[in-house]
Amino acid sequence: MPHLTDEELLHEIETGEADRVEFKANLSGSAPDRIREAICAFANDLPNYGKEEPGLIFVGVNNDRTILGLSVTDELLIQLADMKTDGNIVPPPSLTVQKWVLRGKEIAVVTVQPSDSPPVRFKGTIHIRIGPRRGIATVQDERSLNEKRRHGERPFDLLPVPAADISDLSLAYFEHEYLPKAFSAEVLDANDRRLHEQLAATKMIDAADRPIPTVLGILILGKNPQNFLYGAYVQFLRINGVEYADEIIDSAEIRGSIPNLIHRLDDKLFAHNRVAVDITSGPIEKRTALYPMEAVQQIARNAIMHRTYEATNAPIRVYWFNDRIEVLNSGGPFGDATTENFGKPGITGYRNPNLAEAMKTLAYVQRFGVGIPIARRLLMEAGHPALEFEVNGTYIRATIKVV
Numbered sequence: 041m042p043h044l045t046d047e048e049l050l051h052e053i054e055t056g057e058a059d060r061v062e063f064k065a066n067l068s069g070s071a072p073d074r075i076r077e078a079i080c081a082f083a084n085d086l087p088n089y090g091k092e093e094p095g096l097i098f099v100g101v102n103n104d105r106t107i108l109g110l111s112v113t114d115e116l117l118i119q120l121a122d123m124k125t126d127g128n129i130v131p132p133p134s135l136t137v138q139k140w141v142l143r144g145k146e147i148a149v150v151t152v153q154p155s156d157s158p159p160v161r162f163k164g165t166i167h168i169r170i171g172p173r174r175g176i177a178t179v180q181d182e183r184s185l186n187e188k189r190r191h192g193e194r195p196f197d198l199l200p201v202p203a204a205d206i207s208d209l210s211l212a213y214f215e216h217e218y219l220p221k222a223f224s225a226e227v228l229d230a231n232d233r234r235l236h237e238q239l240a241a242t243k244m245i246d247a248a249d250r251p252i253p254t255v256l257g258i259l260i261l262g263k264n265p266q267n268f269l270y271g272a273y274v275q276f277l278r279i280n281g282v283e284y285a286d287e288i289i290d291s292a293e294i295r296g297s298i299p300n301l302i303h304r305l306d307d308k309l310f311a312h313n314r315v316a317v318d319i320t321s322g323p324i325e326k327r328t329a330l331y332p333m334e335a336v337q338q339i340a341r342n343a344i345m346h347r348t349y350e351a352t353n354a355p356i357r358v359y360w361f362n363d364r365i366e367v368l369n370s371g372g373p374f375g376d377a378t379t380e381n382f383g384k385p386g387i388t389g390y391r392n393p394n395l396a397e398a399m400k401t402l403a404y405v406q407r408f409g410v411g412i413p414i415a416r417r418l419l420m421e422a423g424h425p426a427l428e429f430e431v432n433g434t435y436i437r438a439t440i441k442v443v
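The working numbering puts the first residue of the sequence shown at 41, with every later residue one more than the last.
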């Protein structure tokens, strides 16, 4: 989309709210959630404007088209930008936030690009734009959004797996575990969607009338995902030493769907995370783990989310040495992340945006883009050396060192 000029922005304001324009006077009260709903609706792009006409949210403009203005601080811009990755809108939308001065008054403009992976949901609800107002998608709207995804340019995690069929998915897990977490209670209470439509809306199959599992469906619901995605497992080694050639005292190839894989990997990590007991330094017994477990989990789950599942048979490797833990995953940096800026705050790229959405739905990820910062903070608080990364075009190695 060409860069908008002041005159073009003023024209959008003077035209008034429409199916690709929304006004918000400020960020008080319920406005932040209303903005998130608008972001969700614009990302779904039901009118099909395409990337040349993205959605625009003007913050600092009243419903009557009056430019009120507000103090557009760095904090306000960050608050708006964080709506992309705070985990409430899934999969993460593509948006930019800018400060503008129009007629001598400051406003913020949020520009939302149509998603390549609709439907997009805010807190489990699919919002769409109906003229100048927001609405909740009907069954037919969902079908239209699924069709857009089917015929658009899709990321690898949404490609169908022709060798698989719906019998390769655990439908019981989908109905009893995943579905209640993916949609709001209100949507489920009013649900008149068939199972195939539910699977299509959550992107587990290609389409309701073409129930071929997607890569995402195989990873999340698959009974035996490694039958189709050979490298989609974790190799765990506990090495009694500091070299790769030292004695291996525990090893496992952890397979299965990602929910099972994460739980089994957690069991291994907890089993080897030795706890020291201090009964001499104070009146209360003090227990200290060798590593802050949440930090290790964040790095391992980050590897599962961001690795490439395409054209590789290499697993994620978790090697636990006496002096460190190494987590190695296939695929270099993606999107905005590069070898130079990898791991820096605010730099995120999603090779598997729909897998990220599913892991957020299942609460393995609390919000997007903070796994590495959380791990760094926890390691620092526990007195560990800084988290280290080795990054190149084909793999990323994270190293967590013992105190």
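Each residue gets a CB set at the ideal place from its N, CA and C atoms; glycine is no exception.
When the five nearest sequence neighbours on each side are left out, the beta carbons in the same chain lying within less than 7 Å of the beta carbon of residue 362 are those of 280, 281 and 282, in order along the chain. Going by beta carbons, residue 84 and residue 168 fall inside the 8 Å limit. Between residue 346 and the set 403, 272 and 294, the nearest pair of CA atoms involves 272. In the three-state DSSP reduction, residue 179 falls in the helix class (H, G or I). The Cβ atoms of residue 74 and residue 64 lie closer than 8 Å to each other.
Distance from the CA atom of residue 162 to the CA atom of residue 228, rounded to whole angstroms, is 15 Å.
Under DSSP, residue 429 takes part in a beta bridge, and its partners are 438. About 6 Å separates the beta carbons of residue 52 and residue 96, which is inside the 8 Å limit, making them a contact pair. Segment contact: the segment 144-161 against the segment 91-109, three or more CB-CB distances shorter than 8 Å; contact assigned. Straight-line spacing of the CA atoms in residue 289 and residue 312 works out to 11 Å. With a beta-carbon spacing of about 11 Å, residue 309 and residue 274 fall beyond the 8 Å limit used to define contacts. Residue 88 counts as exposed, since fewer than 16 other beta carbons sit within 10 angstroms of its beta carbon.
For the pair residue 159 and residue 166, the CB atoms are nearer than the 8 Å cut-off. In the DSSP annotation of this structure, the continuous segment of the alpha helix (DSSP H) that includes residue 84 starts and ends at 71-84. Just so you know, the alpha carbons of residue 269 and residue 146 end up roughly 51 Å apart. CA-to-CA, the gap between residue 329 and residue 291 works out to about 21 Å. With respect to residue 194, residue 157 sits close: the two C-beta atoms are nearer than 8 Å. Just measuring C-alpha positions, the residue of 434, 429 and 226 sitting nearest residue 440 is 429.
Here the C-alpha atom of residue 247 lies approximately 28 Å from the C-alpha atom of residue 406.
DSSP lists 169 as the beta-bridge partner residues of residue 174. Judged by DSSP secondary structure, residue 121 falls within the alpha helix (DSSP H) whose first and last residues are 114-121. Counting every other CB atom within 10 Å of its CB across the protein chains shown gives residue 115 a total below 16, marking it as exposed.
Separation of residue 234 and residue 245 (C-alpha to C-alpha, rounded to the nearest whole angstrom) is 13 Å. 8 Å or more divides the Cβ of residue 307 from the Cβ of residue 252.
In the three-state scheme derived from DSSP, where H, G and I count as helix and E and B as strand, residue 214 is classed as helix.
Membership of residue 93 in any beta strand (DSSP E) is not indicated, and neither H nor E is assigned to it by DSSP. Residue pairing by DSSP places residue 254 opposite 200 in a beta bridge.
Runs of the alpha helix (DSSP H) spanning 4 or more residues and lying entirely within the segment 231-307 occur at 235-241 and 255-261, in chain order. Look at residue 107 here: in three-state DSSP terms it is strand.
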